[in-house]
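Numbering (our numbering), first residue to last: 247 to 567.
Even glycine gets a Cβ: it sits at the ideal position worked out from N, Cα and C.
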Amino acid sequence: MKILVTGAAGFIGSNLAEKLAKRGDNVVGLDNFNDYYDPAKKRSNAARLAAYPNFRMVEQDIRQRETMIELFASEKFEAVAHLAAMAGVRNAVQYPDLYVEVNLNGTQNLLDAARAAGTLKNFVMASTSSVYGNTTQIPFVETDPCDRPLQPYAAAKRAAEILGHAYHHLYGLNFTAVRFFTVYGPNGRPDMMAYLVAESVAKGIQIPLYDNGEMYRDWTYVDDITDGVVLALDKPLGYEIINLGRGKPTLLKDFVNLIETLGGRPANVFHRPRLAADFVKNEADISKARRLLGYNPQISVEEGVRRFWAWYETAVLHRSA
Ligand SMILES: NC(=O)c1ccc[n+]([C@@H]2O[C@H](COP(=O)([O-])OP(=O)(O)OC[C@H]3O[C@@H](n4cnc5c(N)ncnc54)[C@H](O)[C@@H]3O)[C@@H](O)[C@H]2O)c1
247 MKILVTGAAG
257 FIGSNLAEKL
267 AKRGDNVVGL
277 DNFNDYYDPA
287 KKRSNAARLA
297 AYPNFRMVEQ
307 DIRQRETMIE
317 LFASEKFEAV
327 AHLAAMAGVR
337 NAVQYPDLYV
347 EVNLNGTQNL
357 LDAARAAGTL
367 KNFVMASTSS
377 VYGNTTQIPF
387 VETDPCDRPL
397 QPYAAAKRAA
407 EILGHAYHHL
417 YGLNFTAVRF
427 FTVYGPNGRP
437 DMMAYLVAES
447 VAKGIQIPLY
457 DNGEMYRDWT
467 YVDDITDGVV
477 LALDKPLGYE
487 IINLGRGKPT
497 LLKDFVNLIE
507 TLGGRPANVF
517 HRPRLAADFV
527 KNEADISKAR
537 RLLGYNPQIS
547 VEEGVRRFWA
557 WYETAVLHRS
567 A
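Right, dumping it as structure tokens:
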């Protein structure tokens, strides 16, 4: 299948593109290599992907509407995995305009490009558990209205999900929004907790620990997430929204403790109260993913953290030593 992966130089996008290239798909990656975090990490992900003859990277920005329309017209994609986004929740509070431009208007450009090309069988968009805001319905279930986001990142993602419905309704586009829950693993984002804790344990760097680590997160290993995206790509469903998590939340302080045990040292934390943009608990109800996609996450938090730490030691720590 000819597949466009947007955000292919990023954390989850590069893991997904590699999985698709390995199974023999014809994969085009797209990324603007922005500097939200060190672009060298994205270049290194792209270099890993360049080893696959059936992978090609296009350096472009999804905000360039005409360029997206031309790309879709010439490449005739059969499926899109749309992962390109401004992803940091706290950063969104500072730059709401950027988050709306990229995460909502950029998505609209891709939807219009897909509609104009007329070749697409399926459009899968990465959404987020953040859309649940501070709902009282726990575990988070897709039937929740999700109309009370806590910050602009969640608001823009939710708006993009809803926009997908309009394109499905008007033009018959198959559109699935997959809501990811706290993803971690090799090539992880350096602004996310798993990576920050690893840096703190290994190098003594001081990091904030919010709410004494007393918040639950449904940590989901990146391989389970990319398996879920591949299942969604392979199964056009009309219009659906589907949670992809592990369904077994862990306290942040226990997650930190797992990394400390592997590293043999405590993290160097300073305590901060919970931020208004954060929720206390996120927990995925994954029964819909199991039922519609056959999704079945495999990696326990203990095993996932062990694999993450092994990657961090070899790919980050020993390389920078
Ligand atoms: N990591 C998580 O826990 C998590 C949780 C929920 C949802 N998500 C979603 O999953 C997707 C991937 O997230 P990630 O953690 O891999 O983040 P990431 O920042 O590593 O990847 C996103 C990629 O998109 C690219 N990008 C950003 N703006 C772009 C633009 N205008 N044009 C082209 N490319 C652009 C970035 O350069 C980056 O490489 C995002 O849509 C994010 O919102 C992630």
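How is residue i classed by DSSP in three states: helix, strand or coil?
{"i": "V515", "result": "strand"}
{"i": "Q383", "result": "coil"}
{"i": "F501", "result": "helix"}
{"i": "K287", "result": "helix"}
{"i": "D457", "result": "helix"}
{"i": "I545", "result": "coil"}
{"i": "I249", "result": "strand"}
{"i": "F257", "result": "helix"}
{"i": "T466", "result": "strand"}
{"i": "G275", "result": "strand"}
{"i": "T507", "result": "helix"}
{"i": "K367", "result": "coil"}
{"i": "E388", "result": "coil"}
{"i": "F301", "result": "strand"}
{"i": "A362", "result": "helix"}
{"i": "A522", "result": "coil"}
{"i": "A296", "result": "coil"}
Would you check whether ligand 1 has a heavy atom nearer than 7 Å to the C-beta of residue i?
{"i": "T353", "result": "no"}
{"i": "A331", "result": "yes"}
{"i": "N337", "result": "no"}
{"i": "M439", "result": "no"}
{"i": "T365", "result": "no"}
{"i": "A255", "result": "yes"}
{"i": "I545", "result": "no"}
{"i": "I308", "result": "yes"}
{"i": "I258", "result": "yes"}
{"i": "V429", "result": "yes"}
{"i": "F426", "result": "yes"}
{"i": "T446", "result": "Contrary to the premise, residue 446 reads as Ser rather than Thr in this sequence. For ligand 1, not one heavy atom lies less than 7 Å from the Cβ of S446."}
{"i": "T252", "result": "yes"}
{"i": "K494", "result": "no"}
{"i": "K268", "result": "no"}
{"i": "V348", "result": "yes"}
{"i": "F421", "result": "no"}
{"i": "Y456", "result": "no"}
{"i": "D284", "result": "no"}
{"i": "K288", "result": "yes"}
{"i": "F279", "result": "yes"}
{"i": "S375", "result": "yes"}
{"i": "A402", "result": "no"}
{"i": "R463", "result": "no"}
{"i": "L479", "result": "no"}
Alpha carbons only, please: which of the options is nearest the one belonging to residue i?
{"i": "A561", "options": "P432, I451 and F525", "result": "P432"}
{"i": "A333", "options": "E305, Y283 and L490", "result": "Y283"}
{"i": "A238", "options": "V251, F323, R311 and M314", "result": "Residue numbering for the chain in the displayed model covers 247 to 567; residue 238 lies beyond these limits and cannot be assessed."}
{"i": "P482", "options": "N368, L504 and V475", "result": "N368"}
{"i": "K403", "options": "T422, Y417 and G418", "result": "T422"}
{"i": "A330", "options": "L419, K534 and F257", "result": "F257"}
{"i": "T389", "options": "I488, M314 and R435", "result": "I488"}
{"i": "V304", "options": "S290, A255 and K287", "result": "A255"}
{"i": "E559", "options": "S446, R537 and Q354", "result": "S446"}
{"i": "A405", "options": "D437, R435, A372 and R302", "result": "A372"}
{"i": "V335", "options": "V476, A522, E548 and L538", "result": "A522"}
{"i": "P454", "options": "A448, M438, Q340 and Q397", "result": "M438"}
{"i": "F323", "options": "R311, V348 and D271", "result": "D271"}
{"i": "A362", "options": "S320, P342 and F427", "result": "S320"}
{"i": "L508", "options": "G364, E347 and F554", "result": "F554"}
{"i": "D524", "options": "V348, S375, N349 and L350", "result": "S375"}
{"i": "F301", "options": "L497, E486 and L276", "result": "L276"}
{"i": "F501", "options": "D469, V443, G474 and I451", "result": "V443"}
{"i": "Y441", "options": "P285, L262 and L563", "result": "L563"}
{"i": "I545", "options": "P391, E264 and I471", "result": "I471"}
{"i": "G493", "options": "L479, E407 and Y541", "result": "Y541"}
{"i": "A478", "options": "L490, R435 and V468", "result": "L490"}
{"i": "K287", "options": "L317, G253, Q306 and A267", "result": "G253"}
{"i": "P299", "options": "N280, R269 and L498", "result": "R269"}
{"i": "R425", "options": "Q452, A327 and F318", "result": "A327"}
Contained alpha helix (DSSP H) runs [length at least 4] in the segment 401-452, N- to C-terminal order: If you keep only unbroken alpha helix (DSSP H) runs of at least 4 residues inside the segment 401-452, you get 439-449.
Length-filtered (3 minimum) beta strand (DSSP E) runs lying within the segment 318-358: 325-328, all fully within the segment 318-358.
In chain order, each beta strand (DSSP E) run of at least 3 residues that lies wholly inside the segment 468-499: Fully enclosed beta strand (DSSP E) runs of 3 or longer: 485-490.
The segment 446-465 contacting the segment 526-537, beta-carbon criterion three pairs below 8 Å: Flag = yes, the segment 446-465 and the segment 526-537 touch.
The segment 445-460 in contact with the segment 370-381 per 3-pair CB rule at 8 Å: The count of Cβ pairs closer than 8 Å, one atom from the segment 445-460 and one from the segment 370-381, stays below three, leaving the stretches out of contact.
The segment 344-364 / the segment 307-324 touching (three or more Cβ pairs under 8 Å): Touching, yes.
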